[in-house]
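Protein chains: 2
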Amino acid sequence: MSLDRSADDLLDRAFAALADPVRRSIVARLSRGPATVNELAEPFEISKQAISKHIQVLEQAGLVSRTREAQRRPVHLDPAQLEAVTAWIDRYRLIHEEQYRRLDALLESSEDTGGKEEKR
Amino acid sequence: MSLDRSADDLLDRAFAALADPVRRSIVARLSRGPATVNELAEPFEISKQAISKHIQVLEQAGLVSRTREAQRRPVHLDPAQLEAVTAWIDRYRLIHEEQYRRLDALLESSEDTGGKEEKR
DNA sequence: CTCTTTATCAACCGATTGATTGACTAACCT
DNA sequence: AGGTTAGTCAATCAATCGGTTGATAAAGAG
Numbered sequence: 001m002s003l004d005r006s007a008d009d010l011l012d013r014a015f016a017a018l019a020d021p022v023r024r025s026i027v028a029r030l031s032r033g034p035a036t037v038n039e040l041a042e043p044f045e046i047s048k049q050a051i052s053k054h055i056q057v058l059e060q061a062g063l064v065s066r067t068r069e070a071q072r073r074p075v076h077l078d079p080a081q082l083e084a085v086t087a088w089i090d091r092y093r094l095i096h097e098e099q100y101r102r103l104d105a106l107l108e109s110s111e112d113t114g115g116k117e118e119k120r
Numbered sequence: 001m002s003l004d005r006s007a008d009d010l011l012d013r014a015f016a017a018l019a020d021p022v023r024r025s026i027v028a029r030l031s032r033g034p035a036t037v038n039e040l041a042e043p044f045e046i047s048k049q050a051i052s053k054h055i056q057v058l059e060q061a062g063l064v065s066r067t068r069e070a071q072r073r074p075v076h077l078d079p080a081q082l083e084a085v086t087a088w089i090d091r092y093r094l095i096h097e098e099q100y101r102r103l104d105a106l107l108e109s110s111e112d113t114g115g116k117e118e119k120r
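As given, the protein sequences belong to chains X and V, one line each in that order.
Following the numbering used here, the numbering of the first sequence begins with 1 at its first residue and continues without gaps.
Following the numbering used here, the numbering of the second sequence begins with 1 at its first residue and continues without gaps.
(1) Between which two residues does the beta strand (DSSP E) containing V/LEU103 stretch?
(2) Name, in chain order, the residues that DSSP records as bridge partners for X/GLU71.
(3) Could you name the residues of chain X that V/GLU45 contacts, counting a contact when the two beta carbons are closer than 8 Å?
(4) For a test of the three-state rule: what should DSSP assign to V/ALA61, helix, strand or coil?
(5) What are the start and end residues of the alpha helix (DSSP H) that includes X/PRO21?
(6) I want to see whether chain V comes within less than 8 Å of X/HIS54, judged by CB atoms only; does it?
(7) Quick check on X/GLY46: buried or exposed, where buried means 16 or more other Cβ atoms within 10 Å of its Cβ?
(8) Answer with yes or no whether the minimum CB distance from X/GLY33 to chain V is below 8 Å.
(9) First and last residue of the alpha helix (DSSP H) that includes X/ARG13?
(10) Could you say which of V/PRO21, V/SER65 and V/SER25 lies nearest to V/ASP78 if we only look at CA atoms?
(11) Please tell me whether, using a cut-off of 7 Å, the distance from the CB of V/ALA50 to the nearest non-hydrogen atom of the ligand COA is below it.
(12) Starting from V/HIS76, follow its DSSP beta bridges and name the residues at the other end.
(13) Looking only at its chain, what residues have a beta carbon closer than 7 Å to the beta carbon of X/ARG29, apart from the 5 residues adjacent to it on each side?
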């Protein structure tokens with residue numbers, strides 16, 4: 001355990017994990033509190049093994065953790081990785097917004113210098 | 001075109017699109033402003049066709065759009081879908097945080113009453 | 001110890017994915 | 001018209017993914 005994955009690898013896994021509707025549904029359920037595999041499997045038609053695999057995918061993405069509690073393995077949400085995902089998106093959303101603002105300002109203030117500060 | 005996809009389908013596609021490091025890199029580049037396929041392909045070792053496919057994936061996820069400009073097809077970022085992705089995550093992050101707050105309050109108030117209000 | 005519950009492991013299967021190469025279309029330039 | 005530039009389409013291939021069934025492990029209950 002604790003395979004010290006690179007941050008990019010974790011981001012890959014987190015985005016990929018959230019790309020599946022079943023896994024997103026599991027995350028949604030877990031946001032209300034921990035649950036066992038059986039509880040998580042209950043709303044779906046698919047087998048418990050398939051759900052178990054989905055949980056492993058979420059776990060390797062750092063999105064959930066499992067603890068032991070008798071023969072049950074309660075799964076709980078790990079919000080830090082969710083934050084990392086939004087952080088990545090917000091970073092580039094903000095850069096884009098800023099670029100847009102600059103373009104607007106440029107168009108508004110001076111159309112005479114024809115400066116080309118694109119690229120990079 | 002314009003296949004009127006369901007919101008869930010778009011979310012699936014958006015998360016899946018962002019799960020690939022090449023595509024995230026493309027999004028990062030586009031946050032600085034529009035670019036052509038050749039410009040986007042330049043930093044990578046892979047073929048231009050592969051980049052073209054990546055752009056198609058981003059496009060079908062609603063993350064970017066393409067326009068025509070002579071024989072070039074400039075790609076630009078479409079921030080609305082990025083917002084939709086963060087919106088999904090933030091929704092459940094907040095629910096989880098709220099649950100946590102409630103649990104804390106419960107534990108604090110029943111510190112001496114031997115509270116046994118566990119689930120099950 | 002045996003039985004039940006809870007969950008994972010292992011092997012397998014069809015569909016999808018990321019990449020390649022080669023042929024093609026579209027617009028511009030002489 | 002012919003050539004160049006920019007990009008997509010099509011066929012192919014190995015690897016990964018989501019799901020299945022069957023066997024197994026681990027802990028509690030009788």
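Even glycine gets a Cβ: it sits at the ideal position worked out from N, Cα and C.
The relevant details are as follows:
(1) That residue, V/LEU103, is in no beta strand (DSSP E); its alpha helix (DSSP H) goes 79-109.
(2) The residue asked about is misnamed: residue 71 of chain X is Gln in this sequence, not Glu. For X/GLN71, which the question treats as bridged, DSSP gives the partners X/GLU69.
(3) In chain order: nothing, as chain X lies at least about 17 Å away.
(4) Looking at V/ALA61 - three-state DSSP - the assignment turns out to be coil, as it is neither helix nor strand.
(5) Here the alpha helix (DSSP H) through X/PRO21 covers 21-30.
(6) No, because no Cβ of chain V sits closer than 8 Å to the Cβ of X/HIS54.
(7) The amino acid at residue 46 of chain X is misidentified as Gly; the sequence shows Ile. Under a 10 Å Cβ-count criterion, X/ILE46 is classified as exposed, with fewer than 16 other Cβ atoms of the shown protein chains found around its own Cβ.
(8) Yes, contact with chain V.
(9) X/ARG13 -> alpha helix (DSSP H) spans 7-18.
(10) The shortest C-alpha separation from V/ASP78 is found at V/SER65.
(11) No copy of the ligand COA occurs in the structure displayed, which carries no ligand at all.
(12) For V/HIS76, which the question treats as bridged, DSSP gives the partners V/SER65.
(13) A distance below 7 Å between beta-carbons, with the five flanking residues on each side excluded, links X/ARG29 to the following residues of its chain, in chain order: ALA35 and LEU40.
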